[in-house]
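Inspection log for the structure reproduced underneath, given as structure tokens.
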Ligand SMILES: NC(=O)c1ccc[n+]([C@@H]2O[C@H](COP(=O)([O-])OP(=O)(O)OC[C@H]3O[C@@H](n4cnc5c(N)ncnc54)[C@H](O)[C@@H]3O)[C@@H](O)[C@H]2O)c1
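Shown next as structure tokens:
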């Protein structure tokens, strides 16, 4: 393993998901040196800074600190574009949570800005770098399912039930750029880009069911009693044609109760890919001989959020391409938008962007084997 200086990083956004990022990035991933964190709610950054022994900072202090090379943007999705843009303008590399922005044009602007500045723009999800989907990649590349021909994504969750209607922080489920296709669909789309490569065309239908008929239910929510306006698709069905020829149907609905089905079908067998929101769902291989959960060939089966930024840190030091690269996260973002555009125009949407499959990680199942990134 090459030895080099860890990359100095700071986290912007100290909400729900920041705990696991900080746990992994501060305590486990040695390639990262997280020096501080900020939040527009300073009580949150104070609490996290104290818990993890780092500096409580403001966004501006992070942007103005010449030592900080990398910003990890885990704000709400409506702040992603602004925080990433300001970070790039301040000369920082970015790893951001999904999706990269709300509007497609904002995503394209960030990609262009990063290129102009010579900085890396990377983003979630990094679950496909985990044990489950890296093992699946090895199975597919080894030809164990033959030639992939078809895939299925059924992603159904209840977003409009009590939990979301009671919690003022759950607005991502209802506002533009959020909702189930952007919030959860990304795990499935990047999971398939990892296995199959880029997408050529998409089409579909997207609906906002009952946009004005639900109300906020929690008396301590300032919006209590008001209409919970739904402004993003909560029911979407589409078809995705990969450049390699695989056809995939995708159903994302937040109008029912939970159901997950993520399958890849090949000429010789099929893979049940589990829940790609998890790092360690063992793929189940079915061939004519029977079915079995496959043993992991790769590490990171626990909640390893932060391995995307760690991979980026190695890329910064080695000058190689990061796996969660701008071209891939933008391509994923365009697929989701493309299905919605197809619904509006009534036409098949031809993708304007493309990308390559990311390099697989090196196999190895020891705990936090960072050398797997050091390629
Ligand atoms: N919660 C999860 O299980 C989960 C899992 C994976 C990914 N994510 C993603 O991570 C991101 C954050 O999710 P979360 O659940 O932690 O949300 P959250 O609402 O709990 O936290 C977001 C934090 O960002 C802060 N913030 C917003 N705008 C800011 C700005 N301009 N500058 C500084 N701070 C700002 C908010 O004050 C808040 O504390 C989202 O993109 C989400 O999709 C969440």
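Numbering (my numbering), first residue to last: 0 to 374. Even glycine gets a Cβ: it sits at the ideal position worked out from N, Cα and C. If you're wondering where the values come from, they're calculated on a predicted model, not measured in any experiment.
For the segment 147-225, the full-length beta strand (DSSP E) segments reaching 3 residues or more read 147-157 and 198-206 along the chain. Ranked by Cα distance from residue 207, the first of 243, 229, 48 and 196 is 229. Residue 188 and residue 239 have their C-alpha atoms some 10 angstroms from each other. In the DSSP secondary-structure assignment, residue 262 is bridged to 151 and 271. With respect to the C-alpha of residue 19, the residue from 361, 305 and 345 having the closest C-alpha is 305.
In the displayed model, residue 314 falls within a helix according to three-state DSSP. Under the DSSP assignment, residue 291 falls in the beta strand (DSSP E) whose first and last residues are 289-292. The DSSP-derived three-state label of residue 248 is strand. With a cut-off of 8 angstroms on Cβ pairs, the segment 104-115 is not in contact with the segment 258-271, counting fewer than three such pairs. Taking the Cβ of residue 80 as the reference point, every heavy atom of ligand 1 lies at 7 angstroms or farther away. Taking C-alpha positions only, residue 3 is separated from residue 66 by approximately 16 angstroms. In this structure, DSSP gives residue 307 a helical state, which the three-state scheme calls helix. Distances from the CA of residue 142 to each of 268, 178, 9 and 122 were compared; the closest alpha carbon is that of 268. Under the DSSP assignment, residue 30 falls outside any alpha helix (DSSP H); it carries neither an H nor an E label. Nearest neighbour of residue 323 by Cα position, chosen from 169, 144 and 127, turns out to be 127. For the alpha helix (DSSP H) assignment, the uninterrupted runs of no fewer than 4 residues enclosed by the segment 103-154 are, from N- to C-terminal side, 103-116 and 130-140. Looking at 115, 104 and 352, the one whose alpha-carbon comes closest to that of residue 91 is 115.
Exclusion of the five residues before and after residue 290 leaves 283 and 284 as the residues of its chain whose Cβ lies within less than 8 angstroms of its Cβ.
In the DSSP assignment, residue 45 falls within the unbroken alpha helix (DSSP H) covering 41-51. Put simply, the segment 211-230 does not touch the segment 190-197. Fewer than three CB pairs are less than 8 angstroms apart. According to DSSP, residue 235 shares a beta bridge with 205 and 251. Judged by DSSP in its simplified three-state form, residue 67 adopts coil rather than helix or strand. For the pair residue 101 and residue 176, the CB atoms are nearer than the 8 angstroms cut-off. Less than 8 angstroms divides the Cβ of residue 257 from the Cβ of residue 157. With fewer than 16 other beta carbons inside 10 angstroms of its own, residue 63 counts as exposed. Under DSSP, residue 297 takes part in a beta bridge, and its partners are 363. Cβ neighbours of residue 235 within its own chain (closer than 6 angstroms, five residues either side excluded): 180, 205 and 251. Look at residue 35 here: in three-state DSSP terms it is strand. Residue 348 is bridged by DSSP to 201. The beta carbon of residue 280 sits closer than 8 angstroms to those of 131, 272, 273 and 274, all from its chain and outside the five residues before and after it, given in chain order. Its chain contains 196, 197, 198, 199 and 353 as the residues whose beta carbon lies nearer than 8 angstroms to that of residue 242, once the 5 sequence neighbours on both sides are disregarded; these appear in chain order. Contact check for residue 321 against residue 119 passes: the beta carbons are separated by less than 8 angstroms.
Taking C-alpha positions only, residue 21 is separated from residue 45 by approximately 13 angstroms. For residue 97, there is no enclosing beta strand (DSSP E), since its DSSP letter is neither H nor E. 358 is the residue among 358, 334, 298 and 124 whose C-alpha sits nearest the C-alpha of residue 319.
Apart from sequence neighbours up to five positions away, the residues of its chain that approach residue 349 with a beta-carbon distance below 6 angstroms are 200, ordered along the chain.
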